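> Take this structure first; my questions come after.
In our numbering, the protein residues as written are 18 to 413.
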């Protein structure tokens, strides 16, 4: 319901409102004049029963003034639609000249008010039509036929108004649905953007965390072993330089995808797993890779398995430096892929800068495995080390 149809609320008329009001006023006046002319030309002009064939002049003038006043009141039909329509229905029961104003009021009421209100007033209009047919009988038309004709006209006008009312409600509903759909689309876009940011954050953590942990291990070794031989220092410096270069290259690749679709993120596969293990083995601790799977691992499963091993090796360097690690990948189509990373207890002291962490690596890894419909288990091993086991579905 807009401001123009709210009871007691006034608003400034627009040009369209003036045009509609003028049209309705002229229709009501024209309808009244047509009725008056028709009565005047009829040899059996209807009249009040108690006055016989001719009306007194004063009563005829009063009838015309009342009918014209009813037409004038149509300019305020938006402000008091129910009250005005009820009054015009009562007036139209006494004078046929106000029938046009009553029809306009019935139409406007049906447009701007709920159907139960307009139908209730229409019931009063039916009674008014019966009273009018009895007060102003037409000798050429039976009373019942005259009554039905009036009811039919009033019903047609009311039905037209109800049609307009429901059409406006439908348009308003569609507009609201469009607004809600736009809001939902905007929300989905924000969620998609948030997911993209999370994906990029995971890539940065997985890629750079691995490289920077290798840098930390070798830098810590140089710091805490001042008696290292020149060969060991040169070897560690070479690994640091290579890891720093690779970390910078990985960072450029990950940041570069901010301007590209998410599907273009640089993603590893199972074919890159031996290189990952070899790089970790070069750090100093022994890392063994055991592959016991048949067939070609699906791309998504292989990518998840690679990230699992990468995160596990990073955690080993952080929390168990010098520990021997065994990486086992086993499975097959229909049986799933099992990835186990087991490390023994630490054999070297941990520099203070390598201690702790926010624990976000395992949290992100759990989410990644969950998205792949897999299972993740981790905890202390019997020998004092740590065991991380992941099962991933591998369709047959």
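Quick reminder that beta carbons are idealized off the backbone N, C-alpha and C, glycines included.
Owing to the predicted nature of the structure, the values given are computational and were not obtained by experimental measurement.
1) What is the DSSP secondary structure of residue 355, counted as helix, strand or coil?
2) Just the C-alpha distance for residue 35 and residue 181, rounded to the nearest angstrom, thanks.
3) Can you tell me which residues form a DSSP beta bridge with residue 404?
4) Taking the straight line between their C-alpha atoms, what separation do you get for residue 288 and residue 321?
5) Assuming residue 350 contacts residue 402 under a Cβ cut-off of 8 Å, what Cβ separation, rounded to an integer in Å, is found between them?
6) According to DSSP, simplified to helix, strand and coil, what is residue 420?
7) Give me the Cα-Cα distance between residue 97 and residue 125, rounded to the nearest whole angstrom.
8) Out of curiosity, what's the CA-to-CA distance linking residue 64 and residue 45?
9) May I ask you to report which of helix, strand or coil DSSP gives residue 342?
10) Report the three-state DSSP secondary structure of residue 130 (helix, strand or coil).
11) Measure the alpha-carbon distance for residue 400 versus residue 360 and round it to whole angstroms.
12) The beta strand (DSSP E) that contains residue 330, what's its start and end?
13) Rounded to whole angstroms, what's the CA-CA distance from residue 395 to residue 352? Just pull it up for me.
14) Hey, residue 106 and residue 141: beta-carbon distance below 8 Å or not?
15) What separation, rounded to the nearest whole angstrom, lies between the Cα atoms of residue 384 and residue 358?
16) Is the Cβ-Cβ distance between residue 179 and residue 127 less than 8 Å?
17) Hey, out of 83, 81, 79 and 95, whose CA is closest to residue 41's CA?
18) Given a threshold of 16 other Cβ atoms within 10 Å of its Cβ, counted over all protein chains shown, does residue 119 qualify as buried or as exposed?
19) In the structure shown, what three-state DSSP assignment does residue 308 receive?
20) Can you list, in chain order, the residues of its chain with a C-beta nearer than 6 Å to that of residue 342? Leave out the 5 residues immediately preceding and following it.
21) Can you give me the Cβ contacts of residue 149 inside the same chain, cut-off strictly under 7 Å, excluding the 5 residues immediately before and after it?
22) With distances taken Cα to Cα, identify the nearest neighbour of residue 264 among 117, 230 and 335.
23) Figure out for me which residue from 257, 183, 83 and 160 has the closest Cα to the Cα of residue 129.
24) In this structure, what does DSSP give as the bridge partners for residue 409?
25) Measure the Cβ-Cβ separation of residue 99 and residue 138 and say whether it is below 8 Å.
26) How would you write the range of the alpha helix (DSSP H) that residue 107 sits in, first residue to last?
27) So for residue 158, helix, strand or coil by DSSP?
28) Can you tell me whether residue 47 is buried or exposed? The criterion is at least 16 other CB atoms within 10 Å of its CB, across all chains shown.
29) Are the Cβ atoms of residue 294 and residue 344 separated by less than 8 Å?
30) Between residue 252 and residue 393, what straight-line distance do the alpha-carbon atoms span, to the nearest angstrom?
31) Please state whether DSSP places residue 177 in a helix, a strand or coil.
In short:
1) strand
2) 19 Å
3) 359 and 396
4) 13 Å
5) Actually they do not touch by this definition, with Cβ atoms about 31 Å apart.
6) The structure shown does not extend to residue 420, since the chain spans only 18 to 413, so no value can be given for it.
7) 11 Å
8) For residue 64, the predicted model reports a pLDDT of 45, less than 50, meaning its position is unreliable and no value from the coordinates is stated.
9) strand
10) coil
11) 9 Å
12) Run containing residue 330: none in the beta strand (DSSP E); it sits in the alpha helix (DSSP H), 316-336.
13) 21 Å
14) yes
15) 18 Å
16) yes
17) 95
18) buried
19) strand
20) 304, 333 and 360
21) 109, 110, 113 and 167
22) 230
23) 183
24) 354
25) yes
26) 98-111
27) coil
28) exposed
29) yes
30) 36 Å
31) helix
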